[in-house]
Amino acid sequence: MNSIRIIAFVIAACAAFCASTADAKKPHLPLKHQVTPVTDQQVDEEEQMTFLEKAMDSARDFSPFTLKPLIDPSQFVGNVLAGKMVDYAAKFLGTRYRFGATGPNAFDCSGFMGWIYRKFGMNLERTSRSQYTQGKRVELDELQPGDLLFFSSRSSGRRNVGHVGMVVSVDKANGTCEFIHASTRKGVTYQSFPDNAYYSRHYIGARRMLGTSVSAGITLDDAAI
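Take the sequence shown: its letters are residues 31 to 255, numbered as in the working numbering.
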């Protein structure tokens with residue numbers, strides 16, 4: 031409401047100023063004095079323009095309709111990269127699992143994540159446990175494609191990270207997502223989450239690498255694959 035009042039005041043002031051200038055009558059002078067120097071006219075016009083410019087600047091400063099960027103450029107780059115990473119990861123569906131393998135003919139879980147991220151100029155630590163220390167933590171209702179999901183495994187113990195996968199799609203309405211990972215039994219495959227079974231019971235947390243120090247310096251050129 032204050033912004034609207036200020037804008038209305040500025041418009042009214044402009045109108046009053048222009049009207050008073052137009053209505054002002056000059057005294058009748060002899061012919062030799064009736065020619066107004068151009069410089070004086072220019073000064074008057076400049077003063078009017080200065081007043082109007084300041085009035086418009088004030089209106090813009092207090093206006094609730096001032097345009098702002100719709101999206102952070104770094105967020106835009108992250109979204110584009112995430113889409114490319116999801117498409118690239120899908121090319122390895124069916125690739126066999128082998129412990130300690132980093133690709134491209136076989137992967138373990140962390141080796142697969144490292145391969146994908148490295149393709150786009152980002153370096154992840156070698157093990158899933160170390161990868162869990164990178165990026166920033168995100169909650170399940172904040173998940174986006176490209177985020178990593180971490181789980182415990184039979185060999186790591188229930189409280190320790192032992193497995194990792196990458197989110198490829200999110201269903202906000204249902205609170206679910208799908209991730210791609212290198213499964214010990216199926217190789218590279220998709221998995222729904224939560225599944226109310228193994229992965230729900232073993233879930234530890236999620237981390238976001240895009241938009242953090244892990245992806246610092248990455249540009250759209252890195253998505254040109």
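Glycine included, each C-beta is placed from N, C-alpha and C at the ideal position.
Assigned secondary structure, residue i (DSSP; H/G/I helix, E/B strand, else coil)
i	result
Val-200	strand
Ser-186	coil
Val-194	strand
Ala-167	Per the sequence presented here, residue 167 reads as Arg, with Ala not at that position. If DSSP states are grouped into helix, strand and coil, Arg-167 belongs with the strands.
Arg-238	strand
Tyr-229	helix
Glu-155	coil
Asp-251	helix
Contact belief for residue i with residue j at Cβ below 8 angstroms, rounded distance in angstroms
i	j	result
Val-218	Cys-207	Contact flag wrong, Cβ pair sits at about 17 angstroms.
Ala-212	Asp-117	No, Ala-212 and Asp-117 are not in contact; Cβ-Cβ is about 17 angstroms, not under 8 angstroms.
Ser-268	Gly-108	The chain is shown only over 31 to 255; residue 268 falls outside these bounds and no answer can be derived.
Phe-150	Ile-248	7 angstroms
Phe-209	Gly-195	4 angstroms
Ser-140	Arg-156	6 angstroms
Asp-177	Val-197	5 angstroms
Arg-189	Ser-183	Rounded, the Cβ-Cβ distance is 11 angstroms, inconsistent with contact.
Val-260	Arg-215	The first residue shown for the chain is 31 and the last is 255, placing residue 260 beyond what the model contains.
Tyr-229	Gln-221	6 angstroms
In DSSP terms, what residue i is bridged to
i	result
Gly-217	Ser-213
Glu-208	Ser-199 and Ser-222
Leu-173	Answer is none; Leu-173 lacks a bridge partner.
Closer than 7 angstroms: residue i CB and nearest the ligand ZN heavy atom
i	result
Tyr-147	Inclusion of the ligand ZN in the displayed structure is not the case, the ligand content being empty and no account of it being possible.
Secondary structure, alpha helix (DSSP H): runs of 4+ residues fully inside the segment 112-150:
Entirely contained in the segment 112-150, the alpha helix (DSSP H) runs reaching 4 residues are, in chain order, 139-149.
Are the segment 162-172 and the segment 128-136 touching by the rule of at least three beta carbon pairs closer than 8 angstroms?
Judged by Cβ distances under 8 angstroms, the segment 162-172 makes no contact with the segment 128-136, as fewer than three pairs qualify.
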